[in-house]
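The structure appears right after this line, and notes come after that.
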């Protein structure tokens, strides 16, 4: 049996840091497939497991780099509303993107929950690690980024409610989505 593991890491001050945002494990042939880590499809889990949450406007894609087989995009953002934690008026936010990106052509593995921050657009971001102060030379690692489709007031109300109620089920870093069955060959 062959096992394939993918690990998404965090960044702090522009260098990879210890810790992982998520990982998947898939068995070859009959078996199970597990997605391990917080279920970022649930707003209450995003709020509970994140260092900070804010509505931001992307100002500019400041830097793209490939390092150790992964690609990263750092975007300068303007904070429109802080929903959890503390955010400076402007800060650099780094996110993982697919290799080979170029301005206007960056992509992520899960654009529904992890949208590429495009200049001029507004997003709800959740930060897992790093500095959200906006101090020169620092950056935050965004592990969640979704377009602010409800508008500023709507996002504020949605996340205020989510933060007040919290998740119904305990939030752990364990596997939250497991399905049995046959998984295609993973090499």
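Residue numbers (this note's numbering): 228 to 414.
Glycine included, C-beta positions come from ideal geometry on N, C-alpha and C.
- Pick out the complete beta strand (DSSP E) segments inside the segment 258-300, 3 residues or longer, and give them in chain order. 279-294
- Query: Considering only C-alpha positions, which residue in the set 291, 278, 282 is nearest to residue 317?
  - Reply: Sequence index remark: in the chain shown, residue 317 carries index 90 (1-based). Nearest of 291, 278, 282 to residue 317, Cα basis: 282.
- Touching by the beta-carbon criterion (3+ pairs, under 8 angstroms), the segment 327-334 and the segment 288-302: yes
- Message: Run through the DSSP bridge pairs and tell me what residue 333 is partnered with.
- Response: On the chain shown, residue 333 is found 106 positions in, with the first residue counted as 1. Looking at the DSSP assignment, residue 333 forms no beta bridge with any residue, so it has no partner.
- Item | Nearest-angstrom Cα separation, counted from residue 285 out to residue 328 | Start at 1 with the first residue of the chain shown, and residue 328 comes out as number 101. Start at 1 with the first residue of the chain shown, and residue 285 comes out as number 58. Using only the alpha carbons, I get a separation of about 17 angstroms.
- Anticipated Cβ contact below 8 angstroms, residue 340 with residue 373, distance rounded: As a position in the chain shown, residue 340 is number 113, starting the count at 1. As a position in the chain shown, residue 373 is number 146, starting the count at 1. Contact holds; Cβ gap of about 6 angstroms.
- Message: Please report the distance separating the alpha-carbon of residue 353 from that of residue 275.
- Response: Locating residue 353 in the chain shown gives position 126, counting from the first residue. Locating residue 275 in the chain shown gives position 48, counting from the first residue. Cα to Cα, residue 353 sits roughly 10 angstroms from residue 275.
- Query: Among residues of its own chain, excluding the 5 on either side of residue 326, which ones have a beta-carbon nearer than 7 angstroms to its beta-carbon?
  - Reply: For this step, residue 326 is matched to residue 99 along the chain shown. Excluding sequence neighbours, residue 326 sits near 293, 298.
- Query: Between which two residues does the alpha helix (DSSP H) harbouring residue 385 extend?
  - Reply: Position 158 of the chain shown holds residue 385. Note, residue 385: alpha helix (DSSP H), 378-392.
- Measuring CA to CA, which of 306, 301, 324, 272 is closest to residue 351? To locate residue 351, count along the chain shown from 1; it is residue 124. When each option's Cα is compared against that of residue 351, the closest is 306.
- Task: Use the C-beta contact count for residue 379: other C-beta atoms within 10 angstroms, 16 or more gives buried, fewer gives exposed.
- Result: Here residue 379 corresponds to residue number 152 of the chain shown, with the count starting at 1. Flag for residue 379 reads exposed.
- Could you spell out where the beta strand (DSSP E) holding residue 356 opens and where it closes? As a position in the chain shown, residue 356 is number 129, starting the count at 1. It spans 349-357 - the beta strand (DSSP E) in which residue 356 sits, taken as one unbroken run.
- Task: Please go through the same chain and pick out, in chain order, the residues whose beta-carbon is closer than 6 angstroms to the beta-carbon of residue 388, but skip the five residues on each side of it.
- Result: Position 161 of the chain shown, counting from 1, holds the residue named residue 388. No residues qualify anywhere along the chain.
- Could you tell me the boundaries of the beta strand (DSSP E) in which residue 315 lies? Residue 315 sits at position 88 when you count from the first residue of the chain shown. Unbroken run through residue 315: none, as it is neither H nor E.
- Item | CB of residue 366 within 7 angstroms of CB of residue 321, strictly | As a first step, residue 366 is located in the chain shown; it is residue number 139 there, counting from the start. As a first step, residue 321 is located in the chain shown; it is residue number 94 there, counting from the start. Contact flag set, yes.
- Query: Grouping DSSP H, G and I as helix and E and B as strand, with all else coil, what is residue 304?
  - Reply: Walking along the chain shown from the start, residue 304 turns up at place 77. Strand.
- Coarse secondary structure for residue 344, derived from DSSP in three states: As a first step, residue 344 must be located in the chain shown, where it is residue number 117. In this structure, residue 344 counts as coil in the three-state DSSP scheme.
- Local Cβ density within 10 Å of residue 323, reported as buried at 16 or more and exposed below that: Here the question's residue 323 lines up with position 96 in the chain shown. When all chains shown are included, residue 323 counts as buried.
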